[in-house]
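Take any residue in the sequence shown, count from 1 to its spot, add 2: that is its number in my numbering.
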Amino acid sequence: MMTEASQTSPISSTSPIPPTGQGAQRPWEEPEEAGDTRQFIAFNARQVGEETALPPALRTDMDLVLQILRKILGEYNPEILAKFDSLREDVIVASQEQFHKDGEGSDFHTAAKRSLDEVVGLIDDISMDDAQALARAFGTYFHLANLCEENYRMSVLLERENQVDTTASVDPLNAISVAYKQLIDEVGPAGAQELLEKLEFHPVFTAHPTEARRKAVEGKIRRIANLLAIRKHQGGSLLTETDRQLYQEIDSLYRTSPIAFKKPTPVEEADTILDIFDNTLFTMIPRVYRRFDNWILGKKAGTVPPVCPAFFHPGSWIGSDRDGNPNVTAKVSRKVALKFYNHMLETLARATHAVGRNLTLGSRTTPANEELKALWSRQKELSEKLTGQAEILSTKEPHRACLFVMSDRLRATRDRNADLMYSSSEEFLADLRIVQKSLAEAGAVRSAYGPVQDLIWQVETFGFHMVQMEFRQHSLVHARALDDIREHGLHGERGPLAPMTQEVLSTFRAIGAIQKHNGRQAAGRYLISFCKSAQHVRDVYELNRLAFADPKDAPVLDVIPLFEQLEDLENSVSTLDEIIKIPEVKNRLKQTGNRMEVMLGYSDSSKDAGPTSATLALHRAQGRIADWAKRHEIDLTLFHGRGGAVGRGGGPANRAVLAQPVGSVNCRFKVTEQGEVIFARYGNPVLAARHVEAIASAILLQSAPSVEKINTDMTAKYQHMADALDLASREKYVSLLTAPDFAPWFSVVTPLTEIGLLPIGSRPAKRGLGAQSLDDLRTIPWVFSWAQARINLAAWYGLGTACEKFADLGQLQAAYREWPLFTTFIDNIEMSLAKTDERIARMYLSLGDRDDLSAAVLDEMALTRRWVLQIVGDDWPLEHRHILGQAIRIRSPYVDALSITQVRALGSLRRRTDKAELSESQTADYIYLILCTVSGVAAGLQNTG
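So, in structure tokens, the structure goes:
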């Protein structure tokens, strides 16, 4: 029994799961470092099969980081290294049971089961300190493995780039140019150009807490990534120094707690965007535009006006999404908006000065045109001081001098110097275009359409606001605020208004202030979660009016309904019919050329009806809304509230775009990006560029007649099948969730409670509107908890029963081949099943006392797995998707080690009959261990939230 003094007893001595092995630590004779890691790689390849052997370049990197990690573990504690190695060997052997064709009772099955028993025994026998040290070791390994995979993907991309035939009519690796070429073939040059000009991609970064990695860890990971990248091109003393730094950073990463000491504030959460902006977005986006131009314009690229529009328009809910987050207040929103604004202006000021510094084109070789001369005159009128300084720095270089003054004016804008500041980003953009035109007319076209054009693209993309802040609140909060005002008076004449009501009114005032300070684009979209009627939209407009004494001070709002529950999705068109009758909505439609936005929630619809029904319901709703928009001549934008996990609409976004109903994309795609997805998609400039290109190409192609025909024809062809799957899967899913005492059982058999303790986001796990049931649980912890338990129930439950009742394998297989929606859905389910593990799932489910519920989950898992594998033609999940399947299968054993550690620790907490046996510090140790494993499992599984 662990005591505060000794810390030497097993971590799960009273676990409900009976130990299945002796747990004795085997002697480990440590071989040579490099030899051991090569032996491990070879052993791993032998066990999982040659088709999943690591590529040589990736194997080299994995060999290196494992070698360094083992060296560091040995320095930290030789016994930890021995146990780490022992666990590695056993989990690798144990994990192969599910992939081997020999059945139960075979020698391979027996060896795998014995290895799993030894893993459980070893984990049960180690002290709490050692368990925490091992959890950190495996978590560190996943961060390093992820970096190796990322570097490998980058190197493959660059190698392919080097082999591209630059004389070809299209770049096969530039997805946008490929899509554009197909559009030209199908709709002609004019039609393709029209679609290109409409292209818009709106990623909206949210603070949803699924990134279990703390910021301090992120910084170390970024530095390690840079070191791994540069060492490939080094030798001699340079390589020696780089390796020294690698050892230093990995040692620091291992010794750093993966769990932050406090939850971030919403203002601190905004640093996520600043980090991505500085390290990736600001410089990456013009390169994406330029890359497309290079292939479309050929040798003329960079010497003529660009073809590629600035189609990337990022948004943010960070610091403005107050749905269920009491920490996001009007004061916080103002601070976050100012943080974005000041950072953007400083970044633009530096970039403008950098362009000007290199624009050393003399007035004799590159004379200013009349517009530039007029601009200079206006600048002198504004400030003799600024123009005098510019003249000193740039005598007889007029374009350079103008840019220096423009850079100074940007800083004056940041500092709110009324005499010098720009009134808007449009005014600054107009000055840039004057400089560009003057350069072009003087013959300096490469400067005009090179660095100056890059700067123009950056301003067109980010403005002065960086990201468009979007505000969100629950419809019930608005209704309660209005009831409060009607009862007590707007100014509390008949009693004080509730704090929530005052905060709601302050929110609209904050939006007004942000618009005045940062510009109209900085804020103005207001989303209503759980929007069920047009009245909920009227409520927002009424509150916006009531918040201001003078109606002229009220901000301009686009109020966006968010349909997320199944009933709301089914009623969406009738609700929209009433919404467009609202006077304020009519007025906005006139002002925007009939543009309107509607948001669809993937998370709550999935939790409400199950993944199969939600997928089909969302597809039907999109089709109906697109038809409705066409009838009313509405220029529609659908906003997709997708998460990273399959249970929240996750999966490859470009494939999802291509599977949407006709008219629902409309050359625009808007989607939420949250948690680990932000870092995975936008953390690396090369991979981020490819992601943006892939989405943009899918948006364009979705309007191609050939794609529209496939989606329309196949949706009609398989409608009967879809209806049957929908009904049966929903019944099965709902029967589980409505079983007596399901909610408390769920919280026992998963780390739900412990996940709520993770300091990974400012928002609570519940909406805080008073409900006390599973209905009020946010979808993120619902999905995240099932993923941690290696069950992933939210992604697949009900599909197996639906397929069994439908019982037409041939039609299911045909739909998988022919219907893009079904193909994407089944592929995502297969990926999710690949990350489940029945052996470990049983350990988690045994924590509860409901054999009936456990059996329902395990039986449906087996049934769904069998049907999905038959549909795709695999013997095990992702068997024929070599790259993804290989990555998951190689890392799964390491996830197993963390999962078993987690479930044994959970067992110790769940089944203690005498709570006095655990002191406060011992309980804290268990919880810290569990949180370390949560972070590590999230890093290992990746798309978890």
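The beta-carbon is built from N, C-alpha and C at its ideal position, and this holds for glycine as well.
With distances taken Cα to Cα, identify the nearest neighbour of residue i among the options.
{"i": "Thr935", "options": "Thr208, Val67 and Ile757", "result": "Ile757"}
{"i": "Glu348", "options": "Val290, Arg418, Glu678 and Arg162", "result": "Arg418"}
{"i": "Asp63", "options": "Glu152, Glu120, Ala139 and Val122", "result": "Glu152"}
{"i": "Ala940", "options": "Ala96, Val180 and Pro753", "result": "Pro753"}
{"i": "Phe2", "options": "Thr267, Arg246, Tyr249 and Pro316", "result": "The displayed coordinates of the chain run from 3 to 947. Any statement about residue 2 would go beyond what the structure contains."}
{"i": "Asp119", "options": "Ala899, Leu931, Ser923 and Ser921", "result": "Ala899"}
{"i": "Arg233", "options": "Arg246, Ile186, Lys588 and Gly123", "result": "Arg246"}
{"i": "Gly300", "options": "Ala525, Arg683 and Asp167", "result": "Asp167"}
{"i": "Leu618", "options": "Leu933, Leu801, Thr331 and Leu198", "result": "Leu801"}
{"i": "Gly643", "options": "Glu678, Ser425, Leu660 and Met601", "result": "Met601"}
{"i": "Asp579", "options": "Ala628, Leu933, Leu160 and Leu548", "result": "Ala628"}
{"i": "Glu544", "options": "Phe510, Ala690 and Asn573", "result": "Phe510"}
{"i": "Lys382", "options": "Glu372, Arg841, Gly812 and Ala403", "result": "Ala403"}
{"i": "Leu198", "options": "Pro822, Ile436 and Asn668", "result": "Asn668"}
{"i": "Ile223", "options": "Ser254, Glu196 and Asn656", "result": "Ser254"}
{"i": "His401", "options": "Glu386, Arg416 and Thr367", "result": "Thr367"}
{"i": "Ser117", "options": "Glu91, Thr389 and Gly938", "result": "Glu91"}
CB residue i to CB residue j, shorter than 7 Å?
{"i": "Leu568", "j": "Ser531", "result": "no"}
{"i": "Asp295", "j": "Val309", "result": "yes"}
{"i": "Val575", "j": "Arg626", "result": "yes"}
{"i": "Leu702", "j": "Val709", "result": "no"}
{"i": "Ile275", "j": "Ser322", "result": "no"}
{"i": "Ser901", "j": "Arg792", "result": "yes"}
{"i": "Cys805", "j": "Trp878", "result": "no"}
{"i": "Ser2", "j": "Ala332", "result": "Outside the displayed range of the chain (3 to 947) lies residue 2, so it cannot be described from this structure."}
{"i": "Gly521", "j": "Asp555", "result": "no"}
{"i": "Pro266", "j": "Val330", "result": "no"}
{"i": "Ala1026", "j": "Tyr928", "result": "In this structure the chain extends from 3 to 947, so residue 1026 is not present and cannot be described."}
{"i": "Ile320", "j": "Ala209", "result": "yes"}
{"i": "Met423", "j": "Thr354", "result": "no"}
{"i": "Phe313", "j": "Met468", "result": "no"}
{"i": "Trp784", "j": "Thr866", "result": "no"}
{"i": "Tyr846", "j": "Val905", "result": "yes"}
{"i": "Ile252", "j": "Ile82", "result": "no"}
{"i": "Arg683", "j": "Asp637", "result": "no"}
Can you tell me whether residue i is buried or exposed? The criterion is at least 16 other CB atoms within 10 Å of its CB, across all chains shown.
{"i": "Gln165", "result": "exposed"}
{"i": "Ala926", "result": "exposed"}
{"i": "Ser737", "result": "exposed"}
{"i": "Pro498", "result": "exposed"}
{"i": "Asn589", "result": "exposed"}
{"i": "Arg502", "result": "Arg is not the amino acid found at residue 502; the sequence shown has Met there. Per the 10 Å Cβ criterion, exposed."}
{"i": "Lys632", "result": "exposed"}
{"i": "Glu635", "result": "exposed"}
{"i": "Ala44", "result": "Caution applies to Ala44, whose pLDDT of 31 falls short of 50 and renders its modelled position unreliable; the model cannot decide the point."}
{"i": "Phe263", "result": "exposed"}
{"i": "Glu32", "result": "Its pLDDT being 30, under 50, Glu32 is placed unreliably by the model, and the measurement read from it follows with that caveat. Glu32 is exposed by the Cβ-count criterion."}
{"i": "Ser615", "result": "buried"}
{"i": "Glu881", "result": "buried"}
{"i": "Lys592", "result": "exposed"}
{"i": "Ile885", "result": "exposed"}
{"i": "Lys518", "result": "exposed"}
{"i": "Pro663", "result": "buried"}
Tell me the DSSP bridge mates of residue i?
{"i": "Phe203", "result": "Phe314 and Phe671"}
{"i": "Thr282", "result": "Thr282 pairs with nothing; no bridge assigned."}
{"i": "Tyr528", "result": "Phe473 and Val561"}
{"i": "Glu599", "result": "Thr639"}
{"i": "Asp323", "result": "Arg474"}
**OP:** Would you be able to state if there are at least three C-beta pairs under 8 Å between the region 282-297 and the region 452-462?
**Re:** yes
**OP:** Could you tell me whether the region 226-244 touches the region 711-730, where touching means 3 or more Cβ pairs closer than 8 Å?
**Re:** no
Original post:
Do the region 170-180 and the region 259-266 meet, that is, are 3 or more Cβ pairs less than 8 Å apart?
Top reply: no
Original post:
Do three or more CB pairs link the region 860-868 to the region 692-704 at distances below 8 Å?
Top reply: no
**OP:** Flag this pair as touching only if the region 515-526 and the region 469-482 have three or more C-beta atom pairs under 8 Å; answer yes or no.
**Re:** yes
**OP:** Please confirm if the region 604-613 is in contact with the region 727-734, defined as three or more CB-CB distances below 8 Å between the two stretches.
**Re:** yes
Original post:
Just checking, does the region 370-389 make contact with the region 433-440 on the three C-beta pairs under 8 Å criterion?
Top reply: yes
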